[in-house]
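Residues 468 to 1231 (the numbering used here) are what the sequence shown spells out, left to right.
Backbone N, C-alpha and C define an ideal beta-carbon position, used for all residues, glycine too.
Predicted, not measured: the structure shown is a model, and the values here were computed from it.
Below is one structure, written out as structure tokens; comments come after it.
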Amino acid sequence: MRGAVVCVARVASTSALSALAATAFAADVDAGRSTSPPRDSADWPMHGRTPDEQRFSPLAQIDVSNAGELGLAWYFDLDTSRGQEATPLVIDGVMYVTSAWSRVFALDAKTGKELWRYDPQVPGEWAINACCDVVNRGLAAWEGKLFLGTLDGRLVALEAATGKVLWEVLTIDPGKPYTITGAPRVIKGKVIIGNGGAELGVRGYVSAYDADTGRLAWRFYTVPGAPGARDGAASDEVLERLARPTWAGRWWELGGGGTVWDAMAFDPELDLLYVGVGNGSPWNHQIRSQGRGDNLFLASIVALRPDTGQYVWHFQTTPGETWDFTATQHMILADLEIEGRLRKVLMQAPKNGFFYVLDRATGELISGAAFAPVNWAYGLDARGRPIENPAARYARTGRPWVNRPGPAGAHNWYPMSFDPASGLVFIPVQDMPSLYVHDRHFTPKMHAWRTGIDPLPLDVELDDASRALLDAEPRGALLAWDPVRQRAAWRVEHASVANGGTLATAGGLVFQGTSDGYFRAFAIADGAQLWSYDVQDAILGGPVSYEIDGVQYVAAVAGLGGTTPLVSGRLFTERPRARHGRVLAFRLGGMEKLPPLEPLERRKLDVSGAEAEGSVLEGARLYNAFCLTCHGTGAHSGPTMPDLRRSPAILDAKTFEAIVLGGALAPRGMASFRGSLDAAQLEALRAYLLFEAIEPDRQRRMPGLRPDRASRNRRRRHHRRTTLPRARCASPCTPFRGAPPAARSLGRRSAAVDHRASSCRPPR
């Protein structure tokens, strides 16, 4: 790959972060004078354990010689089946963990006994604003307080001893579809929190609140607003000076994006807060900014002064991003010896597939290299700017493009970890290419993702190589990466994608949960798997390690959810899973057992007598625009969401209307789509779901059109076509009139809807 490695360092030795973080900031979390624990602490008091976010535990009772003796010490069942992405905190023998819907649990970290719980009562209908499930990634702790960001945009301070609410503040405009799923950080007495919502048309920012009072201290917007309008924020001057000249068109009317929804890190010596900035809104650069400009500070790492929010420097990973390539992925701070010099570095492996090593004092690129397969760029130039493949700019070329990686990224939010002894970074990587087709008829719609990507592309011509990328099964792996040499040290393949965050320990181990329901331990030296345990569900968030009464524990939260398991549900439905989320803690010689799983049920719906007065093709487009991100491609949902192909609600028009337009299930997270869909569109949507219910067990890999191998071989042109059963539904623009006998062969013949029988197109 041309230009794949830039400024590669030649010396491989590493060291831990500066001694200042180990001494001057070594006070206890409850002492109130600092934000960092001792580096040899037995607790896990911060999201990344230390402000450098290394996710390294100095505990070594569990090591390569005895990891195989690990057993379950205790487990605690959570109260929801929705996705679990939290990293627990452990302070003075108490574990504090968040669950879906922003709920908080305090547990005895030795036994798993519940001490208290707090439910912020997030309205169920707010789930419609959550791009990527109703998850929460954790808490922050400081001076006897816990800080929680809620899905509906509140920042809540709790008394750590009791769960009592101390103060609460709304951090968003409640009239806009913002959410909070990320963990706050506390730095120098200020609670730092961002938000999400770029898929639905918001403008990103990060805020700091006084930890004692909840008063807003400062706010930094990541993209400029309307011309001539100032925010009275810390970002005003730098947005006018640096950012606004990099935008074009009327982006502010579309939101702009740039949400700070996850990654942060802090260097106490440099007094710098680092925040990762997300994707554009819409994704499509042509629609968002007329295809012009770098669009600062999208897809950037931005360094700020934590006292004031003052801008210091930025580094943009993907200028003019148009593929949902965020820079919100986990950042790690470390001191590395590079070319004979000890360098203070920031490391990130964002969605775009390149691993960056930056000078964290200046933002200067030290080195960069592709850590995963990449086809949208040939490499990086000396400044770290991608050397783009022109074909990847799908809106500019007007041609479809299969991008590698796709919007799920080569590495998403799943936390990395760093081992100071070996100098390796452990990355949950994945390979999921995706099709991008410019939406020439884009119009922002309420409650629909505003990507600027055609939700149901027709007559798409792809070459053999591109089609092969889409045909390939998505892959995931644990990658041990040498950031000095910018190359892989070892790699362990996993069964699928969406594998969990990692934890490195002084015992020479790296722990990771996988989406197939196992918790695993690998040797840092060579990647050999030393232990695994069937936890009955995916572990997505980062594991933690702590010590109580001389015993080391390793703990994690299990519960499948988040974007990929929702959108690509068919990848995660082949085995039974636990019915609810679960916290699990392990120790050497642990003897606890999990209860047996219930059998996997797959009820097929009888649609032989069902009718719907709507176009299947129009319904497919509406489904992809409004429903896919929760209920899955081809209506094949993951195990945490209702499978609409098997739901009796689609058989009856009145029942379906009561749910989708009437909001009958709003308290459970299914908000009303009234104002987004009318009665005729609702019938088209129901017709499409009835069509998908004919053969609910067939496999669908991509939204829109997806050929199977047999039908590809029959075609001479490279059209991605599919076949609708002709017996009683001869055109995709006709109503649904029951399942024809020919439908039994649909799973072998096709994967979406036919566009050959008719030239009609659904209204946009």
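- Counting only residues of its own chain and dropping the five nearest sequence neighbours on each side, residue 955 has a CB closer than 8 Å to the CB of 838, 946, 947, 948, 949.
- Residue 1032 sits away from residue 967, with the two beta carbons spaced by 7 Å or more.
- Residue environment for residue 618: buried (at least 16 other C-beta atoms within 10 angstroms of its C-beta).
- Per DSSP, residue 657 is one residue of the beta strand (DSSP E) stretching across 657-660.
- Ranking 600, 528, 514, 859 by CA distance to the CA of residue 607 puts 514 first.
- Short of 7 Å from the beta carbon of residue 1015, and not among the five residues preceding or following it, lie these beta carbons of its own chain, in chain order: 560, 576, 577.
- By alpha-carbon distance to residue 1162, the top candidate from 1113, 527, 1135, 1124 is 1113.
- In this structure, DSSP gives residue 1121 a helical state, which the three-state scheme calls helix.
- When DSSP states are grouped into helix, strand and coil, residue 575 belongs to the strand group.
- Within the DSSP bridge table, the entry for residue 834 names 824 as partners.
- In the three-state DSSP reduction, residue 866 falls in the coil class, being neither helix nor strand.
- Of all alpha-carbon atoms in 1143, 1138, 1124, 1130, the one lying nearest the alpha-carbon of residue 1150 is that of 1124.
- Contact between residue 1130 and residue 592 holds, since their C-beta atoms are separated by about 7 Å, short of 8 Å.
- By the Cβ neighbour-count rule, residue 1159 is buried, with 16 or more other Cβ atoms within 10 Å of its own.
- When the Cα atoms are used, residue 596 and residue 815 turn out to be separated by approximately 28 Å.
- Here residue 733 carries a strand assignment [DSSP, helix/strand/coil].
- The beta carbon of residue 542 sits closer than 6 Å to the beta carbons of 1049, 1051 from its chain, once the five residues preceding and following it are set aside; these are given in chain order.
- Contact check for residue 551 and residue 1024: beta-carbon distance about 5 Å, within the 8 Å limit, so the pair qualifies.
- Taken in chain order, the unbroken stretches of alpha helix (DSSP H) that lie wholly in the segment 1039-1114 and span 4 residues or more are 1083-1093, 1095-1098.
- Each residue's CA atom was taken as its position, placing residue 882 and residue 723 some 26 Å apart.
- Exclusion of the five residues before and after residue 798 leaves 520, 730, 731, 732, 741, 743, 768, 813, 814, 815 as the residues of its chain whose Cβ lies within less than 8 Å of its Cβ.
- If you compare the alpha carbons of 871, 918, 879, 796 with that of residue 899, the shortest gap goes to 871.
- Sequence-distant Cβ neighbours of residue 779 in its own chain, meaning closer than 7 Å and more than five residues away, are 739, 770, 771, 772.
- Here residue 894 is buried. Its C-beta has 16 or more other C-beta atoms within 10 Å.
- The three-state secondary structure of residue 909, taken from DSSP, is coil.
- If you draw a straight line from the Cα of residue 754 to the Cα of residue 869, it comes to about 19 Å.
- In this structure, residue 756 and residue 714 form a Cβ contact; the two beta carbons are roughly 5 Å apart against a cut-off of 8 Å.
- DSSP places residue 636 in the uninterrupted beta strand (DSSP E) bounded by 632-637.
- Classified as exposed, residue 1069 has fewer than 16 neighbouring CB atoms from the shown chains inside 10 Å of its CB.
- In this structure, DSSP gives residue 625 an extended state, which the three-state scheme calls strand.
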